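Just below is one structure, and these are the notes that go with it.
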Amino acid sequence: MMRVPVFYFITLLYCYVEYTKADSAKYYYDYECNEPLVETAKLTATSSLRDRGPDNAKLYGSAAWTSQESSYYQHLTINLQKRKELRAIATRGRFATHEYVTEYMVQYSDDGEGWRTVSGADGYMQMFEGNHDGNTIVKNEFEVPIIAQFIRINPMRWRDKISMRVEIYGCDYVADTMYFNGSSLIKMDLLRDPISASREVMRFRFKTSVASGALMYSRGTQTDYIALQLRDNRLVLNIDLGSGVSTSLSVGSLLDDNIWHDVVISRNRRDLIFSVDRVVVRGRIKGEFSRLNLNRAFYIGGVPNSQEGLVVSQNFTGCIENLYLNATNVIQDLKQGYESGEPFKFQKVNTLYACPEPPVVPVTFLKEGSYAKLRGYSGSNTLNASFEFRTYELHGLLLYHKFKTDGYVKVFLEEGKVKVELFTEGSPKVKLDNYADTFNDGRWHSLLLTMATDSLTLAVDYRPVKTTKRLRFMTGSSYYIAGGKAPPRGFVGCMRKIAVDGNYRLPTDWSNDEYCCPNEVVFDACHMIDRCNPNPCEHGGVCTQTAREFTCECEHTGYAGAVCHAPVHPLSCQAYANVGALSRSSEVHIDVDGSGPLPAFPVTCHFYADGRVVTAVKPAVERGIVDGYQEPGSFRQDITYDASRAQLEALLNRSASCSQRLDYHCRHSRLLNSPSEEATFRPFAWWVSRAGQRMAHWAGAPAGSRMCACGVLGSCVDPTKWCNCDAELSLLNVADDLKMDGGDITEKEYLPVKQLRFGDTGNHLDEKEGRFTLGPLLCDGDDLFNNAITFRISDSMITLPTFDLGHSGDIYFEFRTTKENAVLLHSKGPTDYLKLALIGGDQLQLQLQAGDTPLGVSVETSSRLADDRWHSVYIERNRKEARLIVDGALKNEIRTAKEPARALQLTTALALGAALDRSDGFVGCIRALLLNGRPVDLRDLARRGIYGVAEGCVGKCGSSPCLNNGTCLEGYDSYNCDCRWTAFKGPICADEIGVNLRPNSMVKYDFLGSWRSTINEKIRVGFTTTNPKGFLLGFYSNISGEYLTMMVSNNGHFRVVFDFGFERQEIIFQGKHFGLGQYHDVRLSRKNSGATMVLQVDNYETQEYHFNIRESADAQFNNIQYMYVGRNESMNEGFVGCVSRVEFDDIYPLKLLFQQDPPPNVRSLGGVLHEDFCGVEPVTHPPEPVETRPPPPTDLADDLQLHRTDEAILATVLALIFLLLIIVAVVLVRALSRHKGEYLTQEERGAEGAAGADQAALAAATGARVTKRREFFI
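Under our numbering, the first residue of the sequence shown is numbered 791, with each subsequent residue one higher.
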């Protein structure tokens, strides 16, 4: 019973808060255009659930609109009853649920038929951020106010179901409108009030159905002018600030659609912003002036005669409203001036204060199957049909008419050309192709077809072509417009002014049986989309389009892909070398910023044997003669390169070092006029840096030294001068030859040389002269490929700032690993994600999701990617496809959804080296990371001490952990040693493989016909013995009789006896007794074509023995058949002791003997032998310090961006409100629980006033009895 009042209290409190918010909003709009408009609007929707209709979609309502099905085709339409100025939109989801919209787009309309989508500054559809829960309000401001009566909200992403509560904020729209009929204009006199400004803003709205016309024009007496015009349904702005050079900007497309368009022109000195319908282009005005001076007339809507800067010849036809020049409402001032009878500086001609609708109704055929079927005069021998059309399609049927007699006439588009196909009774079928132009450019084109007996005339854009031939026909009753008869396929586009046999009817008057089909034909609007405006093709790619999609032609751009985004040229000469440059030098183009804005430029790549790679950029002028320029710096040579300053700076910044050679050869021509103090420095010559700085030193000397190279070294011809050319040769009695000052300029901040200035070369008749030589800019290396890090632990990763690919972006990097399965990149959004993984060691897989459709693209290579070599990866995602390129050649792509083009929203950090949860970690190296062409400093991140990440590419094998020439197999988090080509075993190839030999023991290796001949053999054997005699190792050939024997002699010396065919030789290593039980390691080899024997025993100094071999003698050890260990078959007793490390080139007999299945050509004789380590303990490495991952930081949630600050604040506020509600509830419970209680007492009646118990008993009137008393409890 107590819960009911508490529930009603909470409900009342919630409603009070809601209505308080609504009331405060109403007060707020008194001061700004911020009035909530939904309350008085009419709401409709494509579908809705029961009790959740569109009327429930009010922001502060308790319910919400929920669509019946959640799909991209659902939308909520708000009819504001009249045109309003809209400033913002706010949304919520359904209260206390997970039903809300996270992203939506907004469309607007004046009539509910022709809709325009709110776009961003880049011209693409703008996606508005929605909600993250069911109750929080998210408000989005419109950067440019929307003027419209209808607003349509189209959900793009949602959680659980599409549910919305909405509010639109704005105010009443007051329009000052003016109509121009093509012969109209407004003249504003500037003679009395001229314009002279460095900044101005112009904004207005217009609509028209005519493709071209002059909108505004003005000029000054100093050749300044500004010209704004509509040309072929695009706005063109031409402006000149008096320099005589015009600057032109163009924006917009299909602007003759009879829909209002918003225009903003803003100039700040020479910086210009030009915007139409929120699509912004920026430019910089050419010339050196920054003020616009206009002192003649300012024309609006047209001009009386032709003017400089105008590229159209007709005046504007249509409506202009709310024209503001800075803060002045021009139309309002004009209207007030005329109403008061004092128009002053204004004059208007043939204009109206209204905006009548044109008597033209366009019709849009949305699909190939749509068409119109109109009736004409049947049975006539003349035919007349006309219309205007616009399309982007290459093919489509325009008109088809079947004669009452046999035959037909067909007008159609083929490859963009208008053609006619004619077939009449008694005549063969003919195709007329009379126009070389293409007409699928999206502009309106007129077409008129007339036929009569023996005559056919086709006029396109008022250019008639007449065909005369025998024609006999009787017209039929029906004309098919835009389709209905294939082939070709139906027309997709817009038509207007359709007339058949002289009869014109508005398309809105067509009956249902005169067109097909209701959902494929739109009346009173041209629903065409210019997909090439703004140009989606990057880097100058040429855009073509159809009704479905655009296509980019990337030839000659230096880029490839669906939108010309991916560079086809290498990033640098180093990148070119990495993929296998073959010659010592190559002429190539490099693209230093990849997909960035800088284009590729030509360089010469030089490749050296030591691995150096040098990039050379040649100047346009490499040498020149200076003569006849006496004044200091009077000779000027500007130096240009085949690269811009930005391109050269990018190259310089990425290079390890750069230099440029500059030499000056002189005869009686002074250079720096040395010596000098800084205050008296007056050189005759100097060079200018790339930033335009005049340099106070010559090439080869330090910056600012006022010296040449010889002055620094003290080697000038005249010791008192600092340059050779400054020497006074006549006083020194030196030969009158050309002297030279020069050297290399190595300061990258000054390179390359931009300009050379010389003087003191007299005139053409004296002996003074100079000659300069300027070498190419030489840059060594590419620091991008030194920007490497190592992931040495599988759960390590680097988190980079959020990288939102949006509609278009790319990632480039190179990796090196031996791990077969790993995640290289990972990032997520609320629903979207991006993940790149290595699978199976030979496949890269890219997974991404934008919206509700997951996509995947993979590249599988024939060779392994996990081969510990560098491999490049390029990831691109654009509006049409996702693309993956491996090693610059192997590529694959997958198409994304055509409509709508969805941005890839990634909100977490970009995890490099593992998934975001540190699973499936990568171990190996990554370098050269570029995000949209911008390098990421990986080394700087590694220096911060990130767990498991090291600077540079250093694996476990870098410390050579495998001993005895074992091969280290890199794992980056571990290593393995391949001991196959050693005489050892064990984890680091340090465990001995030996055998304890008895006197009768022997190990024999038989070459089994694969006899070996050597001239630089390498032999090794280790042994320990206490018996100072014995046969250690021997090689024999029964074919040639040649042999080599290694043994311990009776006196304990080590002895080598051999005969390789030239003569028997013997080597004795003296000074050491080998029979004392110590372990010895002996290495024997030959060099110098077998003439020198090299012997190394233990760590003693290597000894070399040289033999004189006759030229006719053969030093080769021929046809070795057998190898013996311990003794040979002719001996009764052999070596007693332990022998190990036996190897002969790549043969390891003891290792073969003791493997699990020994080969048949190696065996032991004289009893069973067992493997032994000969008392040599294996070497071990000290344990590596264990690297432990630190505990996650307290701001890990912020690192992954899983929570937002505003959510934390909201949670705190809600907690305080909840605590307040609990306190209020407790107070209510105690108040409502107040009641009267009864208890029993033994007090006697009449004793209430007694002072004590005794007095009470005496004073009692009734004696002891029990009564009931009442007490109140609260």
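From the three backbone atoms N, C-alpha and C, an ideal C-beta is built for every residue, glycine too.
These figures come from a predicted structure and were not determined experimentally.
Contact between the segment 1542–1551 and the segment 1332–1347 is absent: fewer than three C-beta pairs spanning the two stretches fall below 8 Å. Contact between Cys1928 and Asn1817 does not hold, since their C-beta atoms are separated by about 11 Å, which reaches or exceeds 8 Å.
According to the DSSP assignment, Tyr1366 belongs to the alpha helix (DSSP H) that extends over Cys1363 to Asn1368. Burial of Asp1067 is indicated by the presence of at least 16 other C-beta atoms within 10 angstroms of its C-beta. Per DSSP, Cys1284 is one residue of the beta strand (DSSP E) stretching across Gly1283 to Val1290. DSSP places Glu1468 outside both helix and strand once states are collapsed to three, so it counts as coil. When rounded, the separation of the alpha-carbon atoms in Leu1237 and Pro1278 is 18 Å.
Under DSSP, the beta-bridge partners assigned to His1191 are Val1199 and Tyr1269. Per DSSP, reduced to three states, the secondary structure at Thr1243 is coil, with no helix or strand assignment. For Glu1741, the enclosing beta strand (DSSP E) stretches over residues Val1739 to Glu1741. Contact check for Ser1267 against Arg1165 passes: the beta carbons are separated by less than 8 Å. Judged by DSSP secondary structure, Gly1127 falls within the alpha helix (DSSP H) whose first and last residues are Val1120 to Glu1129.
Note that the C-beta distance between Glu1183 and Asp1196 is not below 8 Å. Per DSSP, reduced to three states, the secondary structure at Gly1501 is helical.
Counting along the chain, Arg1444 sits inside the alpha helix (DSSP H) bounded by residues Arg1435 to Arg1444. Contact annotation: the segment 1347–1360 touches the segment 1381–1397, with at least three C-beta pairs closer than 8 Å.
Ile1429 is a Cβ neighbour of Leu1564, given a cutoff of 8 Å.
Burial state of Phe932 is buried, judged by a 10 Å Cβ sphere holding 16 or more other Cβ atoms. The straight-line gap separating the alpha-carbon atoms of Arg1072 and Ile1055 is approximately 10 Å.
Beta-carbon to beta-carbon, Ala1701 and Glu1604 are separated by about 18 Å, too far to satisfy the 8 Å threshold. Looking at the DSSP output, Thr1037 bridges to Ile1029.
If you draw a 10 Å sphere on the C-beta of Ile2013, you find fewer than 16 other C-beta atoms in it, and that means exposed. Pro1777 sits in coil when the DSSP states are folded into three classes, being neither helix nor strand. Pro1973 carries a coil assignment under DSSP once its states are collapsed to helix, strand and coil.
Residue pairing from DSSP places Lys1877 in a beta bridge opposite Thr1882.
The segment 1590–1603 and the segment 1746–1757 do not touch, with fewer than three beta-carbon pairs separated by less than 8 Å. Runs of beta strand (DSSP E) with 3 or more residues, each lying fully within the segment 1663–1687, are found at 1671–1676 and 1680–1685, listed in chain order. Look at Pro1277 here: in three-state DSSP terms it is coil, with no helix or strand label. Where Asp1768 is concerned, the enclosing beta strand (DSSP E) starts and stops at Tyr1765 to Asp1768. Less than 8 Å divides the Cβ of Gly1091 from the Cβ of Ile1110.
Rounded to whole angstroms, Val1208 and Asn1302 show a C-alpha spacing of 29 Å. Gln1137 is the residue among Lys1625, Thr892 and Gln1137 whose C-alpha sits nearest the C-alpha of Tyr1089. Taking the C-beta atoms as reference points, Val828 is found nearer than 8 Å to Ile958.
Burial is judged here by how many other beta carbons sit within 10 angstroms of a residue's own beta carbon; Trp1771 has fewer than 16 and is exposed.
The residues Ala1627, Ile1629, Gly1646 and Ser1648, in chain order, have a CB closer than 7 Å to that of Gln1635 in the same chain once the five nearest residues on each side in sequence are set aside.
Remark: C-beta atoms of Asn1293 and Ala1242 do not approach each other more closely than 8 Å.
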